[in-house]
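So the sequence lines, in the order shown, correspond to chains A and B. Here the first sequence is numbered in this note's numbering, starting from 58 and rising by one per residue. Here the second sequence is numbered in this note's numbering, starting from 58 and rising by one per residue. Backbone N, C-alpha and C define an ideal beta-carbon position, used for all residues, glycine too. These numbers come from a predicted model, not from an experiment.
Protein chains: 2
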Amino acid sequence: MTVAASPELESSVRQIGEELARLSGGQSPTLFERRWWSQAAINLAMHNLDFKTQLFRFIDMLPTITDDQRVVTLAQEYFGAMAGQAFGLGWGLKALAATGVGARLSGHAIRAQVEQMARTFIAGSSIADATPGLQHLWSEGKAWSIDLLGEATISDHEADRYRDRCLEALEMLSQVVQTWEPAPLLEHDHLGPVPRVQLSLKISALSPHLDPIDPEGSFQSVARRLRPIVEAAMRAPASLIFDMEQAETKDLLVAIFTRLFMEPPYRTFPHAGLAIQAYHRATAPDVEALLAWVRRREVPITLRLVKGAYWDSDTIRYRQRGWPLPLFEQKAETDRNYEALVRTLLEASTVIRPAFGTHNLRTLAYIESVAQQLGLTSSTWEYQMIFGMAEPFQEAVLRRGRRLRLYAPVGELLPGMAYLVRRLLENTSNESFLRKEFVESQSLTTLLSPPAVPTQVDAVLTPQGFRNEPLADFSNPETRSAMEKAIRNVRERLGQRWPSLAGDLTLSGPPLFSYNPSRPDEIVGSVQAAGEADVRAAIRLAGEAWRGWRVLSAVRRVEILRKAAALMRSRRETLAAWEVLECGKPWREADADVTEAIDFLEFYAAEWARISTPQRLGHEPGELNHRLLDPRGMTAVIAPWNFPLAIPTGMVSAALVTGNSVIFKPSERSPLIGQLLVETLLEAGVPKGVLVCLPGGPEIGRTLAQHPDMVTIAFTGSKRVGLDLLRQAATVAPGQRMVKRVIAEMGGKNAIIIDETADLDEAVGGVVASSTGYSGQKCSACSRAIVHEAVYDLFLARLREAIASLRVGNPEDPGTQMGPVIDERAQAAILDYIKLGSQEARLVIEGRVTQPGWYIGPTVFADVAPTARIAQEEIFGPVLAVFKADSFEDALRIANATDYALTGGVYSRSPANLELARERFDVGNLYLNRPITGALVYRQPFGGHRFSGVGAKTGGEEYLMQFVISRVISEQTLRRGFAPAE
Amino acid sequence: MTVAASPELESSVRQIGEELARLSGGQSPTLFERRWWSQAAINLAMHNLDFKTQLFRFIDMLPTITDDQRVVTLAQEYFGAMAGQAFGLGWGLKALAATGVGARLSGHAIRAQVEQMARTFIAGSSIADATPGLQHLWSEGKAWSIDLLGEATISDHEADRYRDRCLEALEMLSQVVQTWEPAPLLEHDHLGPVPRVQLSLKISALSPHLDPIDPEGSFQSVARRLRPIVEAAMRAPASLIFDMEQAETKDLLVAIFTRLFMEPPYRTFPHAGLAIQAYHRATAPDVEALLAWVRRREVPITLRLVKGAYWDSDTIRYRQRGWPLPLFEQKAETDRNYEALVRTLLEASTVIRPAFGTHNLRTLAYIESVAQQLGLTSSTWEYQMIFGMAEPFQEAVLRRGRRLRLYAPVGELLPGMAYLVRRLLENTSNESFLRKEFVESQSLTTLLSPPAVPTQVDAVLTPQGFRNEPLADFSNPETRSAMEKAIRNVRERLGQRWPSLAGDLTLSGPPLFSYNPSRPDEIVGSVQAAGEADVRAAIRLAGEAWRGWRVLSAVRRVEILRKAAALMRSRRETLAAWEVLECGKPWREADADVTEAIDFLEFYAAEWARISTPQRLGHEPGELNHRLLDPRGMTAVIAPWNFPLAIPTGMVSAALVTGNSVIFKPSERSPLIGQLLVETLLEAGVPKGVLVCLPGGPEIGRTLAQHPDMVTIAFTGSKRVGLDLLRQAATVAPGQRMVKRVIAEMGGKNAIIIDETADLDEAVGGVVASSTGYSGQKCSACSRAIVHEAVYDLFLARLREAIASLRVGNPEDPGTQMGPVIDERAQAAILDYIKLGSQEARLVIEGRVTQPGWYIGPTVFADVAPTARIAQEEIFGPVLAVFKADSFEDALRIANATDYALTGGVYSRSPANLELARERFDVGNLYLNRPITGALVYRQPFGGHRFSGVGAKTGGEEYLMQFVISRVISEQTLRRGFAPAE
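Take a look at the structure:
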């Protein structure tokens, strides 16, 4: 759809566009020059997506590799298969092309060429290095804005370092520019003087804790480091522009900006600015709010309008999470929004300094045309373009006498790669204007046409109609306040005695109290426990109720599960709040447990709907063979406390939907969440006796499992208990009528391997998240990091900083990243391991928490021997053992050398190593280049082997089959020489 | 395709056809009269196949039901759902139509109407009853041929009874006809006098042992009863015509006919005749051979050309078995063949009496035309039509002065139902000429056109490209002689010492001798057994070999299995012959074991090809989730002797194809077949150490299962051993690295329920086959028959006769139906149970076998209490316990009241009871209206629950999953904000 624009304006756009095109005079952007691309390479990267991916991935990884020979083998890994193909001769970097003819590659040459590529876009490796170039730009009539490239900030130390680099940059630059020639066009605009120095700020680099879940904590953490920078800028003088980043942080960055620059010392600063992204659906209202704010402030700001650089990753991330996409999905929608915002900003130029970041000829002409319409002088706005990009347009606007500022990154090659790749992607994308003009040579008429939005494409349907329940988006203020409110409500119900949910049975055990692990003196609630004598009565009850349940239609049982899912969805904050209080789960962990429980209900419902239909086998005439699935019978579910809702929901709902009756023993450490699950299922329509809740300790589980009528035992817990149950179940009890089945999910001793090609930003973050998430109390948690010797020290240093920066505390606080462990017994056991580890290995960091509650600070041991006890035994706490490996094979050997085989991870950018891991990393769930916890139902069915478990993966296709008997019914349909027609 | 016929002939056909149509003068066949069909009923039966099926099934069952009230409930079961629908008002039998308006049905009325239907086609309930009608026909100028209706012959007693009925009929009729008026047209033909009496013989009714596998035995058994009949016919005089039956017996019946009527006393008998079926592809050569034979005999015979009445059932049966169909698939091909044979017979009329059975106007005209062409007098041939059918054509040929004979069945309603239903089917089929003329009123031009054969339709492809290997068709003489030759060859190799197949290991156990159960003094061969000490070495060997095997591509392992299948196919008779000698299996049982082994190889190959491809989970952008299947590791296969090739092939090949290494212990009772399996797999390409054969006793199995490296134990055998293995495997051994998995298939105590609606012909046959097949030594064997009290005595009486008629003996003889049991130990154990049964219940029959060898005669106990030991314990021999049940529910209760749940069967024609069985008969494999053994791979995946087994069904989709670990690999593919395109 093309919006009808005013014909006059369009005519002006065309006219000015044609003039600008003339002014750009046949030049070609550096990027498309033959200097380091061959024409064939451009064609390949433009048209062969596989090649482009490989090429950019290779470039991205390259600076990490210090060993020249390794560069050569990696080039073979990346391009070996392709080099053999017909297109091998002409492609890619000139040096890389040599692989195509089989010549020996020089690692040094490859690196040198990539550095040369980077230099196109990066103004210098340091401020000092960049200064001559910046001066040259100035002399050509181009202003600039410095962007200090850096790694992702994952520790306070790194945040401090970024702050210090900003301060140094402001200091140095303000010195240097004083000697430069005046450039009147660049030093004044419609509102007054413009500083020669401009610094673009990456706000997320100023804190390891920038997280929309905790706006206050985020602000404090950022503001603490931001204030000295603002003060320095005011002194310099210099402009400061907040860059925009990922979609989740937009509102947070705007809030930090407006809050900080209303603080009295900074309110008068006239050179603060903010980037705004046209691809965001909410940018128009955001701008309205900012304009209202700036009028209140009474001191202007700069608004830098850009299209937005995170579209791909934001889109992928939101889609993965099932969140509604806050960005426009079509490039043309963004372009249209950009144009609308151009007018808004220009109209508001009495209170703001508009800056337009664009490399699009039409957009440039459009801005000119609107400004003309509004009768604005050309000093009212400035153009911003990226250093090294769209040089012909730079030239054109300069020749037209416009103020131009180049966005100029400064930094080392290594952290600069992410930036380089982003630029390469931008220039080669199908929708790049530069590509359209300079590679595809589209006609000027086409290029200057208004953005045309194509019809929307429908979303792809998921198989089986199942969709993962999206995690809460805590960047949404309503979501945050709902959670706060739920915690308040739960707090009001603390300490109550909960009713029994064991059918009509009166349980004979003692009261079972549930304490808040963050405040051990606080009773969350209590339930009546079952005595061993109650087990027999419960089984009788469930056996009677089973008769009706087993013959209920599959459709009806599926409906009940879906109803239960809907109920959980409607009360998700409340359920999560109980987890915060009863189990000490931080908000996100608690929320994720609830969504996983919903997923189990919906997935098993969908699966049962699929497989419960009798399956016809064979199509021979005269015979009708069908496979039917029947429930096995009585099922004991013995559940753990660490995923107090999701894990029992999975086991209980699988048993129920397939038609079994269930005696459910929640963990004695999370009896209340267990009750909430049972309540929900009963409310959804499960008849009372079909699901009986027997709170209690291990003796109840044991008694249940040994009862002759208990035919299926679904257990999740420790290896020791699981193996005991397996052994006990294999002994036939008097009166038993069936071989028992035990589905046991046991422990893990999970490792992440980090090789020398790994992206350490990702790897450190992934190891921290995997090992400290819910205080390491996940069977999937990482408790071993196996690091290639080439990056061992670097990894360890960054890991140490990141761990030290974690916020450990009460999980009721949204900013808390790690809460307590579950109870005193767990705390003592973990502390014993820490003591042991201190003897076995080198203690790198031992977190200490002084507040009351069962806290364990995150703890890291380095140089651990693969045979050490802390390398072999499951600790179930935030204790990480780090190993040094001398090769990837060595790392795999270490990783596989335990009794467990549950989860594992690899951070690597070596295709060969990733492939080796796929083949040989012997775990049930292997994760490549991502954290190793958080398996999603259906997408990552979960479960291990060796001593990590027996049975099919939860949340996967085979899981329900464990709860059923399969019967094959074969009817001979031929009678008296005739059979029904098929 | 229409064959170009001579225009003159076609012109004559049209002309005569039109004349015959005129002569048939507007009459309508009785069948289509309104007497008992409403017009709506005809329409429904013609156009609604479901209704037709239900109606004919109901009619078929009706005479069995003696209780009027039961008739009413069954009518509701059959038509209840339909009666509620719109078409309820007009359909069906008039009385049945009442269900449509909700009126109370009278069982008596329904029965009376069906009897009336039957009377249309059945000349009388006995010869005496039929005589007046026959005389009336004669007086109208119609000859007849009597067909004595009867139940299927399943015992010698029943065969004797049929013989006696034939003799009586000949006696009575030859008396009666003497007083009838002469009818010159009917009493003379071109070759001389024609007797007034003609009897059509159902040869299969003359022996319970008519079986093409044993032509000699079949001949003797039939001839013994046939000779007195021929002698009586010679005395009478009377013509005797052999009716043709199912396709498998065609050659056998022809052989019996030609052999018997060359015997000196019968060679001169000029009134013998044989029906020949035009639908048989081989009939033309058969006729050539018969003409050559009759010229040698020098005395004419009658050849009755019919289209053939077994097309549907033959086609279904051959398709079920995967045999090439020996019949024409298109009706028009049969018609064309019929016309060709008309000419052949008429041309040979100097040596034969041609008789043409047809109700097709064109065919009648065609015969007339060809005869005219050949210049034959009309006495040369006769027409045969069916009593009660095509009356207008009867009239027409009579008016034309032709000799007509009516095929007139005589017999009780109950056994006559099969006949009635066949007639109803014939008249209502889409291809029925009568339907075309009298219901669809097709034009005479169409009806008289030559048969047009439509283009062939391709066979339907089976899913997964898998097809069951067809059983041997022993009606084929080459198949029989191949088996005879194989047995001779095997006999020449008896007594040899077989080489070890345990890699390079030298086994330390004693020699293990294999004896022929039929001749215990005969050593079939011997192998070296393994000692317990060999187990460790074998596991080490297999462990080393595993390294290469596990990483071999799935494609390659699939190829190896397919190669092994091809090898077995190429040597199937040899393998079967070894089973005859080593295990005492009769031919068909031995052959079926080999084909099942081939099926396992092909099916698991196809399955692995299907599931080994990594399965993608989810399609979210930026993540790539794959499920991969890896082998678990070392697998012990502990196999039984009763399916000495198929069962170990299934277990071994499943473990191998999925990438495991295997230590295989064949049963000490069938070590040679075990060796043959290993030989075949090694020859097909399994590397030596990957599959190690360790012959030996239970101690070897135990040692294998307890070894810490043995991670999977696939066992088939007794419940006791299976439960022991399960218990032992659940104890973790020192050094063990994985929870062991035991796949155990254990015993059964399988029941067949026979209700009051059952077709006893089928039920008795099914129980006999299921309980005595391989001497009851199948886990699927029937050891209990639970019979409704209404048919208890009748069932028991027929069962007793059938069992008494079984041929027990040396399985090398193809006529043997039951051989010995496996060894002396088995014989002693079964005899103990027979002794016990004699105390617990009423001994109905105890088979006695006097020849040497481990024989047990088939034994039946009646009035068994459900709690008796012979009702509860697996006997594994040909011992059947019969129970009386007072209702179907009661029968189900008895059936379900054991520790086992393996197979079960129901013989019933009550839709409600069949449905109840589907819901409540708690067994792994339930069979309706068919024997309960012989599950086919893929079509009937096999296995039970309770104490009958744990694990997925063999030959089914889930089986291979037990031998693998499932690994889910999740790669985050988003790097630096970009991910590969999907």
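Looking at the unbroken alpha helix (DSSP H) that takes in Ser-275 of chain B, where does it start and where does it end? Sequence index remark: in the second sequence, residue 275 of chain B carries index 218 (1-based). From DSSP, the alpha helix (DSSP H) with Ser-275 of chain B extends over 272-292.
Which residue marks the beginning of the alpha helix (DSSP H) containing Pro-342 of chain A, and which one marks its end? Counting from one through the first sequence, the residue named residue 342 of chain A turns up at place 285. First-last of the alpha helix (DSSP H) with Pro-342 of chain A: 340-354.
How many whole angstroms separate the CB atoms of Ile-260 of chain B and Val-467 of chain B, which I take to be in contact at a CB cut-off of 8 Å? Residue mapping note: residue 260 of chain B aligns to position 203 of the second sequence, counting from 1. Residue mapping note: residue 467 of chain B aligns to position 410 of the second sequence, counting from 1. Actually they do not touch by this definition, with Cβ atoms about 18 Å apart.
Among B:Thr-814, B:Tyr-336 and B:Pro-701, which residue has its Cα nearest to the Cα of Leu-119 of chain B? Position 62 of the second sequence, counted from the start, is the residue given in the question as residue 119 of chain B. Comparing Cα-Cα distances from Leu-119 of chain B to each of B:Thr-814, B:Tyr-336 and B:Pro-701, the minimum goes to B:Thr-814.
Would you check if the stretch 553-567 of chain B and the stretch 885-899 of chain B touch, i.e. whether three or more CB-CB distances between them fall below 8 Å? no
Minimum C-alpha distance to Gly-679 of chain A - residue among A:Gln-387, A:Thr-990 and A:Phe-1035: Here residue 679 of chain A corresponds to residue number 622 of the first sequence, with the count starting at 1. The shortest C-alpha separation from Gly-679 of chain A is found at A:Phe-1035.
Using a Cβ-Cβ cutoff of less than 7 Å, which residues in the same chain neighbour Val-581 of chain A once the five nearest sequence positions on both sides are dropped? Here the question's residue 581 of chain A lines up with position 524 in the first sequence. Once the five neighbours on either side are set aside, the close Cβ partners of Val-581 of chain A are Leu-551, Ser-571, Tyr-572, Asn-573, Leu-638, Glu-639 and Leu-729.
Quick check on the DSSP output: the beta strand (DSSP E) that includes Pro-568 of chain B runs from which residue to which? Taking the second sequence and counting its residues from 1, one reaches residue 568 of chain B at position 511. Pro-568 of chain B -> beta strand (DSSP E) spans 568-573.
For Asn-1062 of chain B, three-class secondary structure by DSSP: Given that chain B is displayed from residue 58 to residue 1039, the structure contains no residue 1062 of chain B and the question cannot be resolved.
Neighbouring residues, chain A, relative to Val-789 of chain B (Cβ below 7 Å): As a position in the second sequence, residue 789 of chain B is number 732, starting the count at 1. Leu-780, listed in chain order.
What in chain A is Cβ-close to Pro-956 of chain B, meaning under 7 Å? The residue you call residue 956 of chain B lines up with position 899 of the second sequence. In the sequence as presented, Pro is not what sits at residue 956 of chain B; that position holds Asp. Those within 7 Å of Asp-956 of chain B in chain A are Arg-794.
Cβ-Cβ distance between Pro-755 of chain B and Val-735 of chain B below 8 Å: Taking the second sequence and counting its residues from 1, the one referred to as residue 755 of chain B is at position 698. Taking the second sequence and counting its residues from 1, the one referred to as residue 735 of chain B is at position 678. No, the Cβ-Cβ distance between Pro-755 of chain B and Val-735 of chain B is not below 8 Å.
Rounded straight-line distance, which links the Cα of Arg-361 of chain A to that of Asp-308 of chain A: For this step, residue 308 of chain A is matched to residue 251 along the first sequence. For this step, residue 361 of chain A is matched to residue 304 along the first sequence. About 16 Å.
Looking at Asp-687 of chain B and the ligand HEM, is the gap between the Cβ and the nearest heavy atom below 7 Å? The ligand HEM is not part of this structure, which contains no ligands at all.
In the DSSP assignment, find the unbroken beta strand (DSSP E) run with Arg-1024 of chain B in it and report its ends. For the purposes of this step, residue 1024 of chain B is identified with residue 967 of the second sequence, where counting begins at 1. Per DSSP, Arg-1024 of chain B belongs to the beta strand (DSSP E) from 1021-1029.
Cross-chain neighbours of Thr-110 of chain B in chain A, by beta carbon under 7 Å: Within the second sequence, the letter at position 53 stands for residue 110 of chain B. Ordered by position in chain A, the residues that pass the 7 Å Cβ test against Thr-110 of chain B are Pro-1037.
Quick one: grab the DSSP three-state call for Leu-477 of chain A. In the first sequence, residue 477 of chain A corresponds to position 420, counting from 1. In this structure, Leu-477 of chain A counts as helix in the three-state DSSP scheme.
Would you call Leu-674 of chain B buried or exposed, if buried means 16 or more other Cβ atoms sit within 10 Å of its Cβ? By one-based count along the second sequence, residue 674 of chain B stands at place 617. That one is buried.
Residues in its own chain within less than 7 Å of Asp-920 of chain B by CB, not counting five upstream and five downstream? On the second sequence, residue 920 of chain B is found 863 positions in, with the first residue counted as 1. The residues are Ala-898, Arg-899 and Lys-941.
Which residues of the stretch 989-1011 of chain A have a Cβ closer than 7 Å to any Cβ of chain B? Give them in chain order. Tyr-995, Arg-996, Gln-997, Pro-998, His-1002, Arg-1003, Phe-1004, Val-1007 and Lys-1010
Please report the straight-line C-alpha distance between Pro-697 of chain B and Gln-732 of chain B, rounded to a whole angstrom. Within the second sequence, residue 697 of chain B is the residue found at index 640, counting from 1. Within the second sequence, residue 732 of chain B is the residue found at index 675, counting from 1. Taking the straight line from one Cα to the other gives about 13 Å.
Just list the alpha helix (DSSP H) runs in the stretch 843-902 of chain A, keeping only unbroken ones of 4 residues or longer that don't cross its boundaries, in chain order. 849-861 and 881-897
Is the shortest distance between the beta-carbon of Phe-113 of chain A and the beta-carbons of chain B less than 8 Å? Walking along the first sequence from the start, residue 113 of chain A turns up at place 56. Interface residue, yes.
Could you check the C-alpha separation between Ala-312 of chain B and Gly-872 of chain B for me, to the nearest Å? As a working note, residue 312 of chain B is residue 255 in the second sequence. As a working note, residue 872 of chain B is residue 815 in the second sequence. About 17 Å.
What residues in the stretch 707-719 of chain B bring their beta carbon closer than 8 Å to a beta carbon of chain A? none
Of the choices A:Gln-126, A:Gly-137, A:Arg-975 and A:Asp-125, whose alpha-carbon is the least far from that of Phe-108 of chain A? Reading the first sequence from its first residue, position 51 is the one you call residue 108 of chain A. Checking every option, the nearest Cα to that of Phe-108 of chain A belongs to A:Gly-137.
By the 10 Å Cβ neighbour count, where 16 or more other Cβ atoms means buried, how is Lys-542 of chain A classified, buried or exposed? Here residue 542 of chain A corresponds to residue number 485 of the first sequence, with the count starting at 1. Under this definition Lys-542 of chain A is an exposed residue.
Just the C-alpha distance for Thr-315 of chain A and Ile-704 of chain A, rounded to the nearest angstrom, thanks. Along the first sequence, read from residue 1 onward, the residue named residue 315 of chain A stands at position 258. Along the first sequence, read from residue 1 onward, the residue named residue 704 of chain A stands at position 647. Whole-angstrom Cα-Cα distance: 44 Å.
Just to confirm my understanding: we take Phe-1004 of chain A, look at its own chain, exclude 5 residues before and 5 after, and list those with CB closer than 7 Å. What are they? By one-based count along the first sequence, residue 1004 of chain A stands at place 947. Hits under 7 Å: Lys-776, Met-803, Asp-956 and Tyr-957.
Tell me, please, whether the CB atom of Gln-387 of chain A is closer than 8 Å to any CB atom in chain B? Locating residue 387 of chain A in the first sequence gives position 330, where the first residue counts as 1. No - not a single Cβ of chain B is within 8 Å of the one on Gln-387 of chain A.
Compute the Euclidean distance between the alpha carbons of Ser-63 of chain B and Leu-491 of chain B, then round it to the nearest angstrom. By one-based count along the second sequence, residue 63 of chain B stands at place 6. By one-based count along the second sequence, residue 491 of chain B stands at place 434. Cα to Cα, the separation comes out at about 26 Å.
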